[in-house]
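A.B. asks:
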Amino acid sequence: MLDVTVIEEPGAAAASLDPMRARLLAELAEPLSAAALAARVGLPRQKVNYHLRALERHGLVELVEERRKGNMTERLMRATAASYVISPLALPGLQPDPARHRDALSARWLLAVAARLVRDVGALITGAERANKRLATYALDGEVRFASAADRAAFVEELTAGVGALVRKYHDASAEGGRAHRVVIALHPSLKGEPGTGDRAEQGEPPGIEQDRDAAES
Numbered sequence: 001m002l003d004v005t006v007i008e009e010p011g012a013a014a015a016s017l018d019p020m021r022a023r024l025l026a027e028l029a030e031p032l033s034a035a036a037l038a039a040r041v042g043l044p045r046q047k048v049n050y051h052l053r054a055l056e057r058h059g060l061v062e063l064v065e066e067r068r069k070g071n072m073t074e075r076l077m078r079a080t081a082a083s084y085v086i087s088p089l090a091l092p093g094l095q096p097d098p099a100r101h102r103d104a105l106s107a108r109w110l111l112a113v114a115a116r117l118v119r120d121v122g123a124l125i126t127g128a129e130r131a132n133k134r135l136a137t138y139a140l141d142g143e144v145r146f147a148s149a150a151d152r153a154a155f156v157e158e159l160t161a162g163v164g165a166l167v168r169k170y171h172d173a174s175a176e177g178g179r180a181h182r183v184v185i186a187l188h189p190s191l192k193g194e195p196g197t198g199d200r201a202e203q204g205e206p207p208g209i210e211q212d213r214d215a216a217e218s
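Heads up: the sequence shown at position 68 corresponds to 68 in the UniProt record's numbering, and the numbers run straight through without jumps.
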């Protein structure tokens, strides 16, 4: 089972977003039969089998083992990944396009860039798996606490200058056998709780709003 995989096909995305099928995918972190799943989710076994066939058709679950039980064969199924990310490719014609309106200070532009990242890395993973090759990537994730909006602005300025210097140092448009790599850097306020859990200050103003006001008043 993979830790995370990407869903690119619209039908697979629709199947994964069905509440019952999403529940079945979560339960299938371990191999289970339709009968065992039916007992867990409270559905008839025939109905569970119907959902499993749809999930299997879209590559979201896989057969792990077949067992003989009396005069029938029991199929043990498992989810193909522990978690799934839906690529913007699943919404053809509605994908965000960062090139449409470039604004480094826009949260919506950041969202469009992040969506493109999901789309591109997902496609690269799919291609690497088909070619049985390792995909060379790098990611850095961390957190910094700014004392003021002015400090945040200074950080952004220094970060931009530093990355620009590195790009100028290593970029070689004419290198034979070279390959272009996309560099994505994002900065946003940290959430105080997990999204969708109701932990974020009674779901009031989003975190970071105070700093944004400070910046506007300075």
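Ideal Cβ positions, reconstructed from N, Cα and C, are used throughout, including at glycine.
Based on DSSP bridge pairs, tell me the residues matched to A81.
C.D. replies: L2
A.B. asks: On a CA-only basis, which of E27, G142, P88 and K47 is nearest L60? Give me that one, please.
C.D. replies: E27
A.B. asks: Could you pull out every residue in the same chain whose Cβ sits closer than 7 Å to the Cβ of G11, ignoring the five residues on either side in sequence?
C.D. replies: H58
A.B. asks: Whole angstroms are fine: how far does the CA of A114 sit from the CA of D141?
C.D. replies: Looking at the two C-alpha atoms, the distance is approximately 14 Å.
A.B. asks: Kindly indicate which three-state DSSP category L117 falls into: helix, strand or coil?
C.D. replies: Helix.
A.B. asks: Considering only residues of the same chain and omitting the five flanking positions on each side of R67, which have a CB-CB separation below 6 Å?
C.D. replies: The answer, listed in chain order, is E74.
A.B. asks: Our contact map puts A112 next to P98 with C-beta atoms below 8 Å; I'd like the distance itself, whole angstroms only.
C.D. replies: By a beta-carbon distance limit of 8 Å, A112 contacts P98. Their separation comes to about 4 Å.
A.B. asks: Within 10 angstroms of its Cβ, does I7 collect 16 or more other Cβ (buried), or is it exposed?
C.D. replies: buried
A.B. asks: Please give me, in chain order, every unbroken run of the alpha helix (DSSP H) with length at least 4 that falls completely inside the stretch 8 to 88.
C.D. replies: List check, alpha helix (DSSP H) in window: 10 to 17, 19 to 27, 34 to 41 and 45 to 57.
A.B. asks: From this set, T5, A54, V118 and V85, which residue's C-alpha is nearest V184's C-alpha?
C.D. replies: V118
A.B. asks: Identify, in the order they occur along the chain, each residue of the same chain with its Cβ nearer than 6 Å to the Cβ of A13, setting aside the five sequence neighbours on each side.
C.D. replies: I7, I86 and A90
A.B. asks: Considering just the uninterrupted stretch of the alpha helix (DSSP H) at E170, what are its terminal residues?
C.D. replies: Sequence check: residue 170 is Tyr here, not Glu. Y170 -> alpha helix (DSSP H) spans A149 to Y170.
A.B. asks: Could you check if L24 is buried or exposed, using at least 16 other CB atoms within 10 Å of its CB as the buried criterion?
C.D. replies: buried
A.B. asks: Buried or exposed: which applies to V48, given that a residue is buried once 16 or more other Cβ atoms fall within 10 Å of its Cβ?
C.D. replies: buried
A.B. asks: So for T137, helix, strand or coil by DSSP?
C.D. replies: T137 carries a coil assignment under DSSP once its states are collapsed to helix, strand and coil.
A.B. asks: In this structure, how does DSSP classify R102 when only helix, strand and coil are distinguished?
C.D. replies: coil
A.B. asks: Between the alpha carbons of L110 and A104, how many angstroms are there, rounded?
C.D. replies: 7 Å
A.B. asks: In angstroms with no decimal places, state the Cα-to-Cα distance between H171 and R53.
C.D. replies: 49 Å
A.B. asks: When we look at the beta-carbon of Y84 and count the other beta-carbons within 10 Å, is it buried (16 or more) or exposed?
C.D. replies: buried
A.B. asks: Write down the C-beta distance between R78 and P19 rounded to the nearest angstrom, noting that I regard them as a contact closer than 8 Å.
C.D. replies: Not really, about 20 Å apart at Cβ, beyond 8 Å.
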